[in-house]
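K.L.:
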Amino acid sequence: MRIPSMTGATRPSVPAWEPLRYRRSSLGQGGTPRDSRRGIVLISTLVSVILLTGLVLVVQSISLSSSMVLKRLTQTQERVMAQRAVRELSRPLLADAMINFDAAHSLKLNSTPYVATFDGYEVVVSAQDVNGLVDIYRTSDELARALLPADLVEVKQSVSKGEIAGQPFLQRFVQAGGSLASYPNPESWLTFRAKSRQLNLRTVREGYNELADEPVAKRGVQASSAVLRIAMSNPKPDAS
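1 is the number of the first residue of the sequence shown in the working numbering; add one for each residue after it.
1. Is it the case that the Cβ atoms of Ser188 and Val130 are separated by a distance below 7 Å?
2. If you run the structure through DSSP and keep just helix, strand and coil, what is Gly40?
3. With which residues is Tyr121 paired in a DSSP beta bridge?
4. Please classify Asn234 as buried or exposed, where buried requires at least 16 other C-beta atoms within 10 Å of its C-beta.
5. Please classify Lys108 as buried or exposed, where buried requires at least 16 other C-beta atoms within 10 Å of its C-beta.
6. Quick check: what's the CA-CA separation for Thr112 versus Glu206?
7. Should Pro186 go down as buried or exposed, given a rule of 16 or more other Cβ atoms within 10 Å for buried?
8. Rank Tyr137, Gln171, Ala176 and Glu142 by C-alpha distance to the C-alpha of Ser242 and give the top, closest one.
9. Taking the straight line between their C-alpha atoms, what separation do you get for Leu52 and Lys71?
10. With DSSP run on the structure shown, which of helix, strand or coil describes Thr112?
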């Protein structure tokens, strides 16, 4: 059986460069196949790294802030405990000064500061007999002018008029024109708790002006009430 010859048969004309163009269309630069998913994966990885870094920074910041707050609270608590301890240790000295008022004491009842060191803190303790202070209502204006600075005399007169009565002492002091910058502890200068119109000569506040010719106690009398004040400075850092 004879097979017909294909010599005379016509073939479809296919450009020789068409298959080559088709093959190169699936190749990237350099001859490697392109994959769009690689870019998406890289972007996702980059975003994840950025988010993770931000989360680590936030956690570190919160941890540092918590440590600083805890340290500050601990220091505050230590200061409060030290101040309470100093107050309890000062009570026997205060009681002895009030009972044995004619004897000499390290803690005097005329606001003389007693400086000591306790648990690394520098402590200043002072005590004041209320009868050794100018009373807003009982002390005469003449004696007040002889003992007090002029601005405190004006405060005393304003408060004693009753215009701002019935309020806490500190609030009355400020409303009467008193300056907390000049007198941070106004109750160490003025009082409204004195038991007598006469000042206790032995416990008159240190810092008052010279006594005027007003009726004052000719000798020291026992204090019926005294105010104890404690000031503490921050402990010095350890040199070691």
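Heads up, the beta-carbon is just placed ideally off N, CA and C, and yes, glycines get one too. Note that the structure is predicted; figures quoted are calculated from it, not measured.
P.N.:
Result, derived from the coordinates:
1. Position 188 of the sequence shown holds residue 188. Position 130 of the sequence shown holds residue 130. Their beta carbons are not under 7 Å apart, which means Ser188 does not touch Val130 by this criterion.
2. Looking up residue 40 in the sequence shown gives position 40. Contrary to the premise, residue 40 reads as Ile rather than Gly in this sequence. Helix at Ile40.
3. For the purposes of this step, residue 121 is taken as residue 121 along the sequence shown, with counting starting at 1. Paired residue(s): Phe118.
4. As a working note, residue 234 is residue 234 in the sequence shown. Classification of Asn234: exposed, given that the 10 Å Cβ count is below 16.
5. Taking the first residue of the sequence shown as position 1, residue 108 is located at position 108. Per the 10 Å Cβ criterion, buried.
6. Position 112 of the sequence shown, counting from 1, holds the residue named residue 112. Position 206 of the sequence shown, counting from 1, holds the residue named residue 206. The alpha-carbon atoms of Thr112 and Glu206 are separated by roughly 6 Å.
7. For this step, residue 186 is matched to residue 186 along the sequence shown. Pro186 comes out buried.
8. Since the first residue of the chain shown is 1 and the last is 240, residue 242 is not available in this structure.
9. Against the sequence shown, residue 52 aligns to sequence position 52. Against the sequence shown, residue 71 aligns to sequence position 71. Answer to the nearest angstrom: the Cα atoms are 29 Å apart.
10. Counting from one through the sequence shown, the residue named residue 112 turns up at place 112. It is coil, neither helix nor strand.
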